[in-house]
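Colleague: Chains A and B, in that order, are what the protein sequence lines are. Under this note's numbering, the first sequence is numbered contiguously, ending at residue 176. Under this note's numbering, the second sequence is numbered contiguously, ending at residue 127. This structure is in structure tokens; I'll ask about it shortly.
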Amino acid sequence: AQSVTQPDIHITVSEGASLELRCNYSYGATPYLFWYVQSPGQGLQLLLKYFSGDTLVQGIKGFEAEFKRSQSSFNLRKPSVHWSDAAEYFCAVGADAGNNRKLIWGLGTSLAVNP
Amino acid sequence: GAGVSQSPSNKVTEKGKDVELRCDPISGHTALYWYRQSLGQGLEFLIYFQGNSAPDKSGLPSDRFSAERTGGSVSTLTIQRTQQEDSAVYLCASSLFPSSTSGGNEQFFGPGTRLTVL
């Protein structure tokens, strides 16, 4: 069965520091991978997605993620964190190739940013 | 344009009562999803509608939960005889279509309905 693991429940970084949020998945075929962000009082917003092609994906708000098939990972990165990046981050994998009808979600990583 | 809207934003009910949660997807989106997010948890898939196809109900936790989508647009999630463990945020999302076509897979989420069962 497909699964998504976000090993870090909570991360705290200083503003301006680099960030890496980990995501590991279990899936038998080429996955469709997503990162979403949920800011306080806001709905979930797509940061970026991977379907095929270049394994380094650029997203909104200066985020990027790299798909590493050998490691079954899709880690989210940002070179310099801003205070407004404090939020909950969710990794998700498409459960059916070519069809995201049942995204499998990780439990999320809560990011706090110190001034 | 308008995003996904949900109503009510908050709902407090007594144990045993029925509740209805409404979702208005983005106009033209053929796929609609319901999720449940409990405190500190990820998203739990509940049900998925795609066009006129039979919905995928595999995520509904019990037969107290049901959902319908009328006219391929608005959807209502109904919880009968609510229990305290039903307390959660119920999220609705829509996407243009569920295929793998680039740009077509993004799910757009509504703000959610926070359900509290006393």
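Even glycine gets a Cβ: it sits at the ideal position worked out from N, Cα and C.
Could you have a look at A/Ser131 and say whether DSSP puts it in helix, strand or coil?
Modeller: For this step, residue 131 of chain A is matched to residue 70 along the first sequence. Note: A/Ser131 maps to helix in three-state DSSP.
Colleague: Taking A/Lys110 as the query, report the chain B residues whose CB atoms sit under 8 Å from its CB, ordered along the chain.
Modeller: Position 49 of the first sequence holds residue 110 of chain A. Simply Asn114 and Glu115.
Colleague: Which of the residues in the segment 45-72 of chain B, read from start to end, lie with their CB under 7 Å from any CB of chain A?
Modeller: Result list: Gln50, Gly51, Leu52, Phe54, Tyr57, Gln59 and Asp65.
Colleague: Quick one: is A/Tyr88 near chain B, going by C-beta distance under 8 Å?
Modeller: Locating residue 88 of chain A in the first sequence gives position 27, counting from the first residue. Closer than 8 Å: no.
Colleague: By Cβ distance below 7 Å, which residues in the same chain neighbour A/Gly159 in space, the five residues on each side in sequence not counted?
Modeller: One-based indexing of the first sequence puts residue 159 of chain A at position 98. Confidence in A/Gly159 is poor, its pLDDT being 47 and thus under 50, which makes the residue's placement unreliable; the coordinate value appears in the next sentence. Nothing meets the Cβ criterion.
Colleague: According to DSSP, is B/Gln93 part of a helix, a strand, or is it coil?
Modeller: Here residue 93 of chain B refers to the residue found at position 84 when the second sequence is read from its first residue. B/Gln93: helix per DSSP, three-state reduction.
Colleague: Mind checking which residues open and close the beta strand (DSSP E) that includes B/Asp33?
Modeller: The sequence position of residue 33 of chain B within the second sequence is 24, counting from 1. Its beta strand (DSSP E) spans residues Val28 to Asp33.
Colleague: For A/Pro68, collect the residues of the same chain with a Cβ closer than 6 Å to its Cβ; drop the 5 residues on either side in sequence, then sort them by chain order.
Modeller: Taking the first sequence and counting its residues from 1, one reaches residue 68 of chain A at position 7. Counting only Cβ-Cβ distances below 6 Å, and skipping sequence neighbours, we find Arg83.
Colleague: Between B/Leu100 and A/Phe151, what straight-line distance do the alpha-carbon atoms span, to the nearest angstrom?
Modeller: Your numbering for residue 100 of chain B matches position 91 in the second sequence. Your numbering for residue 151 of chain A matches position 90 in the first sequence. If I take the Cα positions, the gap works out to 14 Å.
Colleague: Where does B/Gln59 land, buried or exposed, given buried means 16+ other C-beta within 10 angstroms?
Modeller: As a working note, residue 59 of chain B is residue 50 in the second sequence. With 16 or more other Cβ atoms within 10 Å, it is buried.
Colleague: Check whether chain B comes within 8 Å of A/Leu117, counting only Cβ atoms and requiring the distance to be less than that.
Modeller: Within the first sequence, numbered from 1, the residue matching residue 117 of chain A stands at position 56. For A/Leu117, the nearest beta carbon of chain B is not closer than 8 Å to its own beta carbon.
Colleague: Anything in chain A within Cβ reach of B/Gly121, meaning under 8 Å, just list it in chain order.
Modeller: Here residue 121 of chain B is taken as the residue at index 112 of the second sequence, counted from 1. Within chain A, the residues near B/Gly121 are Gly104.
Colleague: Could you tell me the distance, in whole angstroms, from the CA atom of B/Ser75 to the CA atom of B/Ile88?
Modeller: As a working mapping, residue 75 of chain B is identified with position 66 in the second sequence. As a working mapping, residue 88 of chain B is identified with position 79 in the second sequence. Straight-line measurement puts the Cα of B/Ile88 at about 7 Å from the Cα of B/Ser75.
Colleague: Out of B/Ser96, B/Gly49, B/Ser36 and B/Ser71, which has the shortest C-alpha to C-alpha gap to B/Thr125?
Modeller: Sequence index remark: in the second sequence, residue 125 of chain B carries index 116 (1-based). Ranking the options by Cα distance to B/Thr125, first place goes to B/Ser96.
Colleague: Along the chain, where does the beta strand (DSSP E) that runs through B/Glu128 open and close?
Modeller: Residue numbering for chain B in the displayed model covers 10 to 127; residue 128 of chain B lies beyond these limits and cannot be assessed.
Colleague: Run through chain A and tell me which residues come within less than 7 Å of B/Phe118, C-beta to C-beta.
Modeller: Against the second sequence, residue 118 of chain B aligns to sequence position 109. Those are Gly104 and Leu105, listed as they occur along chain A.
Colleague: Tell me whether A/Pro92 is buried or exposed, calling it buried when 16 or more other Cβ atoms sit within 10 Å of its Cβ.
Modeller: Looking up residue 92 of chain A in the first sequence gives position 31. Buried is the call here.
Colleague: Confirm, please, whether the CB-CB distance from B/Glu29 to B/Leu127 is below 8 Å.
Modeller: If you number the second sequence from 1, residue 127 of chain B lands on position 118. If you number the second sequence from 1, residue 29 of chain B lands on position 20. Taking 8 Å as the Cβ cut-off, B/Leu127 and B/Glu29 do not qualify as a contacting pair.
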